[in-house]
Amino acid sequence: MSGKNILFLVLLLFIPVSVAAHFLEWGDLIVFITAGLAILPLAASMGTATEEIAVVLGPTLGGLLNATFGNATELIIAIVALKAGLVDVVKASITGSIIGNLLLVMGLAMLLGGLRHKEQTFQPIVARMNSAAMNLAVIAILLPTAMNFTSPGIGEKTLQNLSLAVAVVLILVYALTLLFSMKTHSYLYDVGVAETEALEVANHKPNMWFWSGVLLVCTLLVAIESELLVDSLEVATSKLGLTALFTGVILVPIIGNAAEHATAVTVAMKDKMDLSLSVAVGSSMQIALFVAPVLVIVGKIFGQPMDLDFSPFELVAVAVSVLIANTISSDGKSNWLEGTLLLAAYMLLGFAFYFYPVVDGIS
Amino acid sequence: MSGKNILFLVLLLFIPVSVAAHFLEWGDLIVFITAGLAILPLAASMGTATEEIAVVLGPTLGGLLNATFGNATELIIAIVALKAGLVDVVKASITGSIIGNLLLVMGLAMLLGGLRHKEQTFQPIVARMNSAAMNLAVIAILLPTAMNFTSPGIGEKTLQNLSLAVAVVLILVYALTLLFSMKTHSYLYDVGVAETEALEVANHKPNMWFWSGVLLVCTLLVAIESELLVDSLEVATSKLGLTALFTGVILVPIIGNAAEHATAVTVAMKDKMDLSLSVAVGSSMQIALFVAPVLVIVGKIFGQPMDLDFSPFELVAVAVSVLIANTISSDGKSNWLEGTLLLAAYMLLGFAFYFYPVVDGIS
Amino acid sequence: MSGKNILFLVLLLFIPVSVAAHFLEWGDLIVFITAGLAILPLAASMGTATEEIAVVLGPTLGGLLNATFGNATELIIAIVALKAGLVDVVKASITGSIIGNLLLVMGLAMLLGGLRHKEQTFQPIVARMNSAAMNLAVIAILLPTAMNFTSPGIGEKTLQNLSLAVAVVLILVYALTLLFSMKTHSYLYDVGVAETEALEVANHKPNMWFWSGVLLVCTLLVAIESELLVDSLEVATSKLGLTALFTGVILVPIIGNAAEHATAVTVAMKDKMDLSLSVAVGSSMQIALFVAPVLVIVGKIFGQPMDLDFSPFELVAVAVSVLIANTISSDGKSNWLEGTLLLAAYMLLGFAFYFYPVVDGIS
């Protein structure tokens, strides 16, 4: 039994432990930590299940499934937090997921891949398309934020309406990027696909019913653990001396994206950079163009209106992350120093969010 | 007779109609709409006349003529609006022309061209030079705006002086870009020129006097229609429930740039992307490096001082437009999704300007 | 005797003149000008001495020496100014050194090189690595500034702590870029190194002791002249009608960087663009990733705490300089118009700093 499997089983134990911690009232801090750890193996299982079902469904439907359920863990945590009224934490975790995927995941992948391989290459055209799509996402969250910043008297109603309109455009754009990558220009993405298939050679005929069951059970368990996590979040983080902003931007996304981290780094070390970047950048794009707008619409339905008016500092963080990630990825080559620069940018942002003073709403 | 010609003749009818609407007092809304429609065929005719005269004058003088009269319609509308004291509308229409050319025109060209041709290519060096020049233009309008934003007590006199100094630098830079593209490095632009010539094979010896007359008559008529348009603008747009900002940024530039739109899209569908981009980006550059600084100087002469202190939100809009257009064009390749991303960015900006609250001066 | 040598000897005369001006009380303006001129030949001699010693020490140790003492003049001026409590002037001169190297030095090199050679080329990978590193530097100074701007109540203590943390990360990143360029990926930089060697063919065996003595004497003299410069700075510049901001951003860096200017332009005219850019961009990187963080730490030790909270306008200036320099250098090609665009950007920034009103602290 590999170390990876043992770790998986140990982490699974945190599911009952976190539930016990909740009902036996062991304190919010312990609930928060154990629920956070319990989500890790569930997220990994959901990822595996989604990929297995995708193999059965074939490239088109399977691709769609991957594209919509790829960030299911984050979506569930966010919906639970939104229902609990923690709108600022949800926004912060969107910010943090984008930053984390572009800087931490891509940075680690390029660094660890680069330590083994002098220079790694990937499709520059795909990198540029992703850059352009991420620029659009930055524009989308920039506009409501800039509007509120430059014209402070603006009503919440207007921000809501603008955010809804923006959300609809983003979801349409996301659908079109899928059409592009899976249909009209799939040849550009062939390298990555070929690698994915190579990885899946071992398991030819996954059992659809088994994996659907796994997906269902894990989704339910993630939802439960998310409730525990969200309920204990405020007390636990204040005990740790952390602000809700830091928790939302740094801690929650690390829990939600752990599976992507592992995958992106593993394949990068095998010199499969196209696949590695498609996981890291693809996950960022999915958050920005799909998860965030879906949350705006879901919030509207729940009566917990969420707009896309981020705090100016979060906006700055997302904008600089996209900028440096684009600069580094646009030439289709990477090395260990480029990975280090991304990680250094992540560290700087981490420091900044750690020191950021408590302000309006986000406490 | 082609549909295009019929449309042209029908639109010409709006010249007498708009004049009648004005003198018979049919209401500002009708004057505004008919004058706007009347400008379309006049702008197209001015474009044709300028190109025909340019053929007679030869590449150098003709190129200069194109480079200075290419945006004559917008310049005339802007000067009329400036004389009428609508400084904010003029600034908004500069913003809107830059955005419209980079996002709407280039986006439509890449989308419609890309639907016919899987991948279209153009000179990446030219694209990069244009990117750098547009970055300079962003810096030029950023500095007065940032100065006013970060140091609110600054006097209007200082902004005026800074704007004049900036305007002189920009006009010099514009002259040098012409020297570069027409003299010292014209070989980089040869592809586009060859295409232009191919288009003009049919009409070998244009009649200089005829086209000069056309240019003169059209210029006069555009000036008259611009007066009607500007006089009726405020009442008409408020009847339509639109702010002056939205009108200036979205509506006026669409009227002023209709000819460029048609040309850029038509040649893109014929896979002549170098020509298409030189129309779209070239027009943006001309607005930013020539029209805007000329307006600053003209405003000084008219005693209607116009500075380059744009509203922060307009600045954000121009900056993000340049950013995404640069990202998409810098590799010298385009496809339908890239066109879609530009159009989506334009839609997002359109929404934002639609929802932007009425503020100081611009009402 | 060449004109260059005569100029050198004439400038050396300003050392005794400036000292005399100080003790005989000829007025602050004369002290300021003569001390500024006296620093020029000393900076040049320090540069020569550092390179000669580097030849003796061999590529690794010599590279390290160059990398740490390359901006010794600026570092000495800054430390003297910091001790005198002129924190804002120090910050302004950091801003100005980055801007000056990226726009003025690189612009002049590309313009004058481009007037002789139609198109000049350099390693695009190195240009991109440098771009990414400069982006990181922008992020580093952006975060404290943005934090203070978006959350005005923030304590100076927090800004200090954040700045110290940022400084440590930057110095680490700088060390890693040296490891990358001198050890793991030195082949990428071979072109530049080969050129450097070719330049040094004439002087095979420099006398280590002689040049160490030169370095020591010049360092002492630079420190003395810096004292004179800093002491007379405030009175002298106000007599000239200049603000401390303009002096710090434009004047001081021109004095401190004169040697780099001369080298970068000279080698560009010999079509050695790799070397030229490594001087210009390398000097910017050194200021941003080494000198600025060292000053933060030195300030802490001196009890003259310097944070990285720049004025928003300085931040804007650095950000746009990095942006346009990256756009122009990222393709590994240059021509005279690109040089002109950089110089135009420098002129625009110069105007802006000239007109910038006197505000808080920086008077």
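Residue numbers (full-length UniProt numbering), protein chains in the order written: chain A, 1 to 363; chain B, 1 to 363; chain C, 1 to 363. Ideal Cβ placement from N, Cα and C applies to all residues, glycine included.
### Query
Taking 8 Å as the CB-CB limit, is residue 365(A) close to chain C?
Residue 365(A) falls outside the range modelled here, since chain A spans only 1 to 363, and no answer is possible.
### Query
Do His117(C) and Asp231(C) come within 8 Å of each other at the CB atom, strictly closer than that value?
Taking the first residue of the third sequence as 1, we reach residue 231(C) at position 231. Taking the first residue of the third sequence as 1, we reach residue 117(C) at position 117. Not in contact: Asp231(C) and His117(C) (Cβ atoms no closer than 8 Å).
### Message
Could you give the first and the last residue of the continuous alpha helix (DSSP H) run that contains Ile171(B)?
### Response
Mapped onto the second sequence, residue 171(B) falls at position 171. It spans 156-179 - the alpha helix (DSSP H) in which Ile171(B) sits, taken as one unbroken run.
### Message
Between which residues of its own chain and Gly361(C) is the CB-CB distance below 7 Å, once the five residues before and five after are set aside?
### Response
In the third sequence, counting from the first residue as 1, residue 361(C) sits at position 361. Any reading at Gly361(C) must be qualified, since the residue scores a pLDDT of 44, below 50, and its modelled position is unreliable; the value itself is stated next. Once the five neighbours on either side are set aside, the close Cβ partners of Gly361(C) are Asp88.
### Query
Taking 8 Å as the CB-CB cut-off, is Val126(A) touching chain C?
Taking the first residue of the first sequence as 1, we reach residue 126(A) at position 126. It does not; no Cβ of chain C falls within 8 Å.
#### Entry: Ranges of the alpha helix (DSSP H) found wholly within the UniProt domain "Sodium/calcium exchanger membrane region" (29-182) of chain A, counting only runs of at least 4
59-69, 72-83, 87-99, 106-116, 124-150, 156-179
### Query
Should Ser321(A) be flagged as near chain B, meaning a C-beta pair shorter than 8 Å?
Translated into the one-based positions of the first sequence, residue 321(A) becomes position 321. Taking Cβ atoms only, chain B never reaches closer than 8 Å to Ser321(A), which makes this a no.
### CB contact check: Val261(A) to chain B, cutoff 8 Å
Position 261 of the first sequence, counted from the start, is the residue given in the question as residue 261(A). As written in the sequence, residue 261(A) is His, which differs from the Val given in the question. False, the Cβ-Cβ gap to chain B never drops below 8 Å.
#### Entry: One or two residues paired with Lys333(C) in a DSSP bridge
The residue given as residue 333(C) occupies position 333 in the third sequence. Partner(s): Thr121(C).
### Message
Against Val173(B), what residues of chain C qualify as contacts under a CB-to-CB distance less than 8 Å, listed in chain order?
### Response
Stepping through the second sequence from its first residue, residue 173(B) is reached at position 173. Near Val173(B) (Cβ distances below 8 Å), the residues of chain C are Thr340, Leu341, Ala344.
### Message
By the three-class DSSP mapping on this structure, what secondary structure does Gly248(C) have?
### Response
Counting from one through the third sequence, the residue named residue 248(C) turns up at place 248. Looking at Gly248(C) - three-state DSSP - the assignment turns out to be helix.
### Message
Can you pull the chain C neighbours of Asp313(A), defined as C-beta to C-beta under 8 Å?
### Response
Here residue 313(A) is taken as the residue at index 313 of the first sequence, counted from 1. According to the sequence displayed, residue 313(A) carries Phe and not Asp. By Cβ distance, chain C contributes Ala146, Met147, Thr150, Ser151.
#### Entry: Backbone CA spacing between Lys205(B) and Val56(B) [nearest angstrom]
In the second sequence, the residue the question calls residue 205(B) occupies position 205. In the second sequence, the residue the question calls residue 56(B) occupies position 56. Roughly 7 Å between the two C-alpha positions.
### Message
For Ala140(A) and Val235(C), I'd like the C-alpha separation in whole angstroms.
### Response
Reading the first sequence from its first residue, position 140 is the one you call residue 140(A). Reading the third sequence from its first residue, position 235 is the one you call residue 235(C). Going by the C-alpha atoms only, they are around 49 Å apart.
### Query
Using a Cβ-Cβ distance under 8 Å, would Val316(C) count as near chain B?
Taking the third sequence and counting its residues from 1, the one referred to as residue 316(C) is at position 316. Yes - at least one Cβ of chain B is within 8 Å of the one on Val316(C).
### Message
8 Å is my cut-off, CB to CB: does Glu335(B) come that close to chain A?
### Response
Position 335 of the second sequence holds residue 335(B). The sequence given here places Asn at residue 335(B); Glu does not occur at that position. Yes, Asn335(B) counts as interfacial toward chain A.
### Ordered list of alpha helix (DSSP H) runs contained in the UniProt domain "Sodium/calcium exchanger membrane region" (213-352) of chain C, each at least 4 residues
252-256, 258-269, 273-286, 292-302, 312-329
### Query
Of all the CB atoms in chain C, is at least one closer than 8 Å to the CB of Val166(B)?
The sequence position of residue 166(B) within the second sequence is 166, counting from 1. Closer than 8 Å: yes.
### Sub-8 Å separation of Tyr346(B) and Phe313(B) beta-carbons
Within the second sequence, residue 346(B) is the residue found at index 346, counting from 1. Within the second sequence, residue 313(B) is the residue found at index 313, counting from 1. Taking 8 Å as the cut-off, the beta carbon of Tyr346(B) is found no closer than this to the beta carbon of Phe313(B).
### Query
If Ala325(A) and Leu348(A) are in contact, beta carbons under 8 Å, what's the gap, nearest whole angstrom?
Residue numbering aside, residue 325(A) sits at position 325 when the first sequence is read from its first letter. Residue numbering aside, residue 348(A) sits at position 348 when the first sequence is read from its first letter. 14 Å between Cβ atoms; not a contact.
### Message
Just to make sure I have the definition right: I need the residues of chain A whose C-beta is within less than 8 Å of the C-beta of Ser131(C). Which are they?
### Response
Along the third sequence, read from residue 1 onward, the residue named residue 131(C) stands at position 131. Thr327, listed in chain order.
### Query
Is Asn130(B) near Asn257(B), with beta carbons less than 8 Å apart?
Taking the second sequence and counting its residues from 1, the one referred to as residue 130(B) is at position 130. Taking the second sequence and counting its residues from 1, the one referred to as residue 257(B) is at position 257. For Asn130(B) and Asn257(B), no; Cβs fall outside 8 Å.
### Message
Quick check on Tyr174(A): buried or exposed, where buried means 16 or more other Cβ atoms within 10 Å of its Cβ?
### Response
If you number the first sequence from 1, residue 174(A) lands on position 174. Buried, by the Cβ-count rule.
### Query
Which residue from Thr34(B), Ala167(B), Gly70(B) puts its Cα closest to that of Leu308(B)?
Along the second sequence, read from residue 1 onward, the residue named residue 308(B) stands at position 308. The residue with the shortest Cα to Cα distance from Leu308(B) is Ala167(B).
#### Entry: Close beta carbons around Leu108(C), own chain, < 6 Å, minus the five adjacent residues each side
Sequence index remark: in the third sequence, residue 108(C) carries index 108 (1-based). Val265, listed in sequence order.
### Query
How about residue 366(A) and Leu229(A): are their beta carbons less than 8 Å apart?
Because chain A here runs from 1 to 363, residue 366(A) falls outside it and cannot be looked at.
### Message
If you measure between the beta carbons of Val222(A) and Ala43(A), is that distance less than 8 Å?
### Response
For the purposes of this step, residue 222(A) is taken as residue 222 along the first sequence, with counting starting at 1. For the purposes of this step, residue 43(A) is taken as residue 43 along the first sequence, with counting starting at 1. Cβ atoms of Val222(A) and Ala43(A): closer than 8 Å.
### Message
Please report the distance separating the alpha-carbon of Ser163(B) from that of Ala262(C).
### Response
The count along the second sequence starts at 1 and reaches residue 163(B) at position 163. The count along the third sequence starts at 1 and reaches residue 262(C) at position 262. Spanning the two alpha carbons is a distance of roughly 32 Å.
### Query
Mind checking Trp209(A): buried by the 16 CB within 10 Å criterion, or exposed?
One-based indexing of the first sequence puts residue 209(A) at position 209. Classification for Trp209(A): exposed.
### Query
Quick one: is Lys91(C) buried, meaning 16 or more other Cβ sit within 10 Å of its Cβ, or exposed?
Residue mapping note: residue 91(C) aligns to position 91 of the third sequence, counting from 1. Label assigned to Lys91(C): buried.
### Task
Output the distance between the C-alpha atoms of Leu172(B) and Lys239(B), rounded to the nearest integer angstrom.
As a first step, residue 172(B) is located in the second sequence; it is residue number 172 there, counting from the start. As a first step, residue 239(B) is located in the second sequence; it is residue number 239 there, counting from the start. Straight-line Cα distance between these residues: approximately 42 Å.
### Task
Name the residue from Leu111(B), Ile94(B), Ser226(B), Ile6(B) whose alpha carbon lies nearest to the alpha carbon of Leu315(B).
Here the question's residue 315(B) lines up with position 315 in the second sequence. For Leu315(B), the nearest C-alpha among the options comes from Ile94(B).
### Task
Report yes or no: is there a C-beta of chain C within less than 8 Å of the C-beta of Leu348(A)?
Taking the first sequence and counting its residues from 1, the one referred to as residue 348(A) is at position 348. So yes, Leu348(A) belongs to the interface.
### Query
Roughly how many angstroms separate the alpha carbons of Asn148(B) and Phe290(B), rounded to a whole number?
Taking the first residue of the second sequence as 1, we reach residue 148(B) at position 148. Taking the first residue of the second sequence as 1, we reach residue 290(B) at position 290. Rounded to the nearest angstrom, the two C-alpha atoms are 23 Å apart.
#### Entry: Assigned secondary structure, His185(A) (DSSP; H/G/I helix, E/B strand, else coil)
If you number the first sequence from 1, residue 185(A) lands on position 185. Coil, per DSSP.
### Query
Any idea if Phe23(B) is buried or exposed, counting beta-carbon neighbours within 10 angstroms, 16 or more meaning buried?
Your numbering for residue 23(B) matches position 23 in the second sequence. Exposed: under 16 other Cβ atoms inside 10 Å.
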